[in-house]
Amino acid sequence: MFTLIDLPYPIDALEPVISAQTLSFHHGKHLQAYVDNLNKLIPGTEYESMTLEEIVIASSKPVPEPVEGPARKAIFNNAGQILNHNLYFTQFAPRHSRLDLSRHSRLDRESAPTGPLKAQIESQWGTLEAFQKEFVAKGVGLFGSGWVWLQADAAGTLSIGQYPGADNPVAHGLRPLLTFDVWEHAYYLDYQNRRAAHLEALWGILDWSVVERRYNKQ
2 MFTLIDLPYP IDALEPVISA QTLSFHHGKH LQAYVDNLNK LIPGTEYESM
52 TLEEIVIASS KPVPEPVEGP ARKAIFNNAG QILNHNLYFT QFAPRHSRLD
102 LSRHSRLDRE SAPTGPLKAQ IESQWGTLEA FQKEFVAKGV GLFGSGWVWL
152 QADAAGTLSI GQYPGADNPV AHGLRPLLTF DVWEHAYYLD YQNRRAAHLE
202 ALWGILDWSV VERRYNKQ
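Each residue of the sequence shown is one higher than the one before, starting from 2 at the first, in our numbering.
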């Protein structure tokens, strides 16, 4: 059975970029609902003993009707949303500090990537600013609800992915590094219809050290 992840920071720690009210609904209501739904769907199925990533991969593979059906799609949607949100919430830290999740200590937050990730971004986009501009544009340009991702292939080459609904890089054989949620429940209480303003503001609370750890596991 899956459980709701704990936030690695206080509920009001990301203000004013993400308000405590938005975070309480987004984490405590929306993510909790996905966890509850998946726990109701998988007992007695092939997915029951799988990890979250394994469920996403297995349930994303198309199979012939009538095996393909609403239950399989619902399993993918809820598992995908849990995975997406877990990665989303754990990539942030308060503006002036970051949480070292391995040591549970508070350190100066990195405002930009370093090391191999920095080199790869600059190799492909020229500058961090150019990457961020394209990333935000892809998030703004994604029609409807979904996610925009920085993702890596097995060789460490980066790309920006636009995924509707609950879809994500894991379902496509790629490694997820960072993501911005463009479902309206992620920002509407704070930004109304100003999706671009929301996405731009998220850079101020992104903990690049978390993204680097995800990348360096290649």
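Note that beta-carbon positions come from the ideal geometry of N, C-alpha and C, so glycine has one too.
Residues near residue i by beta carbon distance below 7 Å, same chain, minus five either side
i	result
R104	With a pLDDT of 42 at R104, under the threshold of 50, the modelled position of that residue is not reliable, and no figure is offered here.
L42	A72, A75, I76 and N79
A198	Y192
Spatial neighbours of residue i in its chain, beta-carbon cut-off 6 Å, leaving aside the 5 residues before and after
i	result
R126	Looking at the sequence itself, residue 126 is Trp, so the reference to Arg does not match. F132.
F136	I161
I56	Y48 and A80
Cβ neighbour criterion (16 or more within 10 Å) applied to residue i
i	result
P11	exposed
G220	Since the first residue shown for the chain is 2 and the last is 219, residue 220 is missing from the structure and cannot be characterised.
H186	exposed
R195	exposed
F90	buried
F144	exposed
S60	buried
Residue i CB to nearest heavy atom of the ligand ATP below 7 Å
i	result
Y189	As for the ligand ATP, it is missing from this structure, which has no ligand bound.
Distance, residue j Cα to residue i Cα
i	j	result
Q193	V36	26 Å
W184	G140	10 Å
S112	A138	20 Å
N169	I58	10 Å
V171	N217	17 Å
R110	S50	Residue confidence for R110 is low, a pLDDT of 45 falling below 50, so the modelled location carries little weight; the figure read from the coordinates is stated next. Approximately 37 Å, taken between the alpha carbons.
A153	S146	22 Å
L8	K30	13 Å
E54	L175	12 Å
Option nearest residue i by Cα separation, candidates the options
i	options	result
T1	S124, L190 and N85	Given a span of 2 to 219 for the chain in the structure shown, any question on residue 1 remains unanswerable.
V212	Q121, Y188 and G166	Q121
A156	M51, L24 and P117	P117
D182	H173, A167 and D7	A167
R96	W209, L15 and L129	L15
Proximal residues to residue i (C-beta, below 8 Å), its chain only, five neighbours per side dropped
i	result
N40	M2 and F3
L190	S20, Q22, T23 and F26
4-residue-minimum alpha helix (DSSP H) runs that sit fully inside the segment 123 to 195, ordered along the chain: Within the segment 123 to 195, the alpha helix (DSSP H) runs of at least 4 residues that lie entirely inside it are, in chain order, 129 to 142 and 189 to 192.
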